[in-house]
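Participant: Attaching a single structure in structure tokens format; questions to follow.
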Amino acid sequence: MALTDEFQALNKAFSGVGIDENSLISILGKWHPEERKSFRKETPHFFKQDERHFERWDDQHVKHLKHEFMRFKNAVVLWTMHSWERDARLVKEALKKGPQTYSVLVEIACTRSAEELLGARKAYHSLFDHSIEEDVAYHIDGPEGKLLVALVSAYRYEGPKVKDDTAKSEAKTLAHAIKNADKRNPIEDDEVIRILSTRSKPHLKEIYKHYQEISGHNIDEDLDDALRLKETVQCLCTPHTYFSQVLEISLRNGVDKSIKKGLTRVIVTRADADMKEIKEEYRNRYGVSLTEKIEATANGNYKDFLLTLAARGG
Numbered sequence: 038m039a040l041t042d043e044f045q046a047l048n049k050a051f052s053g054v055g056i057d058e059n060s061l062i063s064i065l066g067k068w069h070p071e072e073r074k075s076f077r078k079e080t081p082h083f084f085k086q087d088e089r090h091f092e093r094w095d096d097q098h099v100k101h102l103k104h105e106f107m108r109f110k111n112a113v114v115l116w117t118m119h120s121w122e123r124d125a126r127l128v129k130e131a132l133k134k135g136p137q138t139y140s141v142l143v144e145i146a147c148t149r150s151a152e153e154l155l156g157a158r159k160a161y162h163s164l165f166d167h168s169i170e171e172d173v174a175y176h177i178d179g180p181e182g183k184l185l186v187a188l189v190s191a192y193r194y195e196g197p198k199v200k201d202d203t204a205k206s207e208a209k210t211l212a213h214a215i216k217n218a219d220k221r222n223p224i225e226d227d228e229v230i231r232i233l234s235t236r237s238k239p240h241l242k243e244i245y246k247h248y249q250e251i252s253g254h255n256i257d258e259d260l261d262d263a264l265r266l267k268e269t270v271q272c273l274c275t276p277h278t279y280f281s282q283v284l285e286i287s288l289r290n291g292v293d294k295s296i297k298k299g300l301t302r303v304i305v306t307r308a309d310a311d312m313k314e315i316k317e318e319y320r321n322r323y324g325v326s327l328t329e330k331i332e333a334t335a336n337g338n339y340k341d342f343l344l345t346l347a348a349r350g351g
């Protein structure tokens, strides 16, 4: 391979999501000092010319590379964890990172079964000597905190029985609250929180259907100005849509690292659950398969591991 081709291969290996370790080994391992110097001079986006006449790594890019090298390790560690511990640690990290990651709390509270959520709460006790509920209440105040405490505290009925009259009545309650959002934010409405945090998922899907009949729109479409409620409704009623959107955003160029983490999180946590349905929804929404998108975006062992997990379930 010509030196210019090797430069291009290394540029690609250092770009995208994850690192192409094989290219680094096969190319860098055989380069002599002069070739490494040429690479440093030809890649000013990686190296800066120092005033003392040598090329030095750009500190920000070094941080970026360290993070990309860690992706494979983090994915493997998460995958091998007990699912209760994994969810508990994801909740803890989301609380530490702040509002930009609170969607992870909604995701775990609303897409897990009653027993899975209870298991995560038990694991959180063991790992951190606190309850999820008290830490959510401590970190997040106001109506948003009230909603999230209610969601993580839930133990929903999981049987098939639904009272259609009640679902229709509660759809009207939600429609009224959302219609009058300019007077009062729906997240401040105790009835809205009660319905979303206590009703079974089959019941909520009936509410979703009746709401559409009443208003002519899906609930989540009418909640664009109430992000946390929108995420809650999506995770409870249309989780495959929610997960496909998280994956699509995480695979875009230029998004921050907290958003990129959604790729690992969703693939690892859903591989044994509903990955087949998520892949179908992804293709239907974006016109390309999830595996093709990962192939085009990710690198190295990280890419191979994601593709292996994504292939589970067909």
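Going left to right, the sequence shown walks through residues 38 to 351 as the working numbering numbers them.
Glycine included, every Cβ here is placed at the ideal spot set by N, Cα and C.
As the structure is a computational prediction, the values presented were derived from the model and not from experiment.
Decide if V141 is buried, meaning its Cβ has at least 16 other Cβ atoms within 10 Å, or exposed.
Facilitator: Buried, by the Cβ-count rule.
Participant: Output needed for Y161: all residues of its chain with C-beta closer than 6 angstroms, excluding positions within five of it in sequence on either side, in chain order.
Facilitator: Answer for Y161: A125, I169, listed in chain order.
Participant: Please name the residue, chosen from G55, N290, L300, G291, that lies closest to Q282 on a Cα-to-Cα basis.
Facilitator: Taking only the C-alpha atoms, the option nearest Q282 is L300.
Participant: Looking at the secondary structure, which residues open and close the alpha helix (DSSP H) in which R231 lies?
Facilitator: Counting along the chain, the alpha helix (DSSP H) containing R231 begins and ends at 227-235.
Participant: Quick check: I331 and L344, are their CB atoms within less than 8 angstroms of each other?
Facilitator: Yes, these two residues count as a Cβ contact at 8 angstroms.
Participant: Does W68 come out as helix, strand or coil in the three-state DSSP assignment?
Facilitator: Coil.
Participant: Measuring straight from C-alpha to C-alpha, what distance separates I304 and H90?
Facilitator: Spanning the two alpha carbons is a distance of roughly 45 angstroms.
Participant: Who are the near neighbours of E122 in its chain, counting only those whose CB is closer than 8 angstroms to its CB and skipping five residues on each side?
Facilitator: Excluding positions up to five away in sequence, the list reads A160, L164.
Participant: Can you tell which of E314, G196, E250 has the C-alpha that lies nearest to the C-alpha of E207?
Facilitator: When each option's Cα is compared against that of E207, the closest is E250.
Participant: Would you report the Cα separation of T203 and C274, rounded to the nearest angstrom?
Facilitator: So the alpha carbons of these two residues sit roughly 17 angstroms apart.
Participant: Taking the alpha-carbon positions, what's the R93 to I62 distance?
Facilitator: The alpha-carbon atoms of R93 and I62 are separated by roughly 21 angstroms.
Participant: From what residue to what residue does the beta strand (DSSP E) around R93 run?
Facilitator: 92-94 is the span of the beta strand (DSSP E), which, as asked, contains R93.
Participant: Roughly how many angstroms lie between the CA atoms of F71 and T41, to the nearest whole one?
Facilitator: Residue identity check: residue 71 is Glu in the sequence provided, not Phe. Their backbone Cα atoms lie some 14 angstroms apart in a straight line.
Participant: What are the start and end residues of the alpha helix (DSSP H) that includes F165?
Facilitator: Looking at the DSSP string, the run of the alpha helix (DSSP H) that includes F165 is 151-165.
Participant: How close, in whole Å, do the beta carbons of T334 and G53 come, if the pair is a contact with beta carbons under 8 angstroms?
Facilitator: Confirmed, Cβ separation roughly 6 angstroms.
Participant: For D178 and E79, what's the separation of their Cα atoms in angstroms?
Facilitator: The alpha-carbon atoms of D178 and E79 are separated by roughly 51 angstroms.
Participant: Could you check how far apart the C-beta atoms of A212 and Y248 are, in whole angstroms? I think they sit under 8 angstroms.
Facilitator: Yes, A212 and Y248 are in contact; Cβ-Cβ is about 6 angstroms, under 8 angstroms.
Participant: Identify whether A335 lies in helix, strand or coil by the three-state DSSP scheme.
Facilitator: In this structure, A335 counts as strand in the three-state DSSP scheme.
Participant: Nearest to N338 by CA position, among K110, K298, Y139, is which residue?
Facilitator: For the residues K110, K298, Y139, the minimum Cα distance to N338 belongs to K110.
Participant: Helix, strand or coil: how does DSSP classify V292 here?
Facilitator: Coil.
Participant: What are the boundary residues of the beta strand (DSSP E) that Q86 is part of?
Facilitator: From DSSP, the beta strand (DSSP E) with Q86 extends over 84-86.
Participant: Relative to the ligand GTP, is the shortest distance from any of its heavy atoms to the C-beta of A46 smaller than 7 angstroms?
Facilitator: Only the bare structure without any ligand can be found here, which leaves the ligand GTP out of the picture.
Participant: Compute the Euclidean distance between the alpha carbons of V173 and E152, then round it to the nearest angstrom.
Facilitator: Rounded to the nearest angstrom, the two C-alpha atoms are 20 angstroms apart.
Participant: To the nearest angstrom, how far is the alpha carbon of D293 from that of H167?
Facilitator: When rounded, the distance between both Cα atoms is 30 angstroms.
Participant: DSSP three-state label for V143, please.
Facilitator: Helix at V143.
Participant: Skipping 5 residues on each side, what residues in its chain have a beta carbon closer than 8 angstroms to that of D95?
Facilitator: Result list for D95: H82, F83, F84, K85, in chain order.
Participant: D227 to R320, Cα distance in whole Å?
Facilitator: Straight-line Cα distance between these residues: approximately 38 angstroms.
Participant: Output needed for P180: all residues of its chain with C-beta closer than 6 angstroms, excluding positions within five of it in sequence on either side, in chain order.
Facilitator: Cβ within range, chain order: I224, E225.
Participant: Shortest alpha-carbon distance to L102 belongs to which of L184, K183, K134, D57?
Facilitator: The residue with the shortest Cα to Cα distance from L102 is D57.
Participant: Taking DSSP's pairing of strands, which residues face V199 in a bridge?
Facilitator: DSSP output for V199 lists no bridge partner at all.
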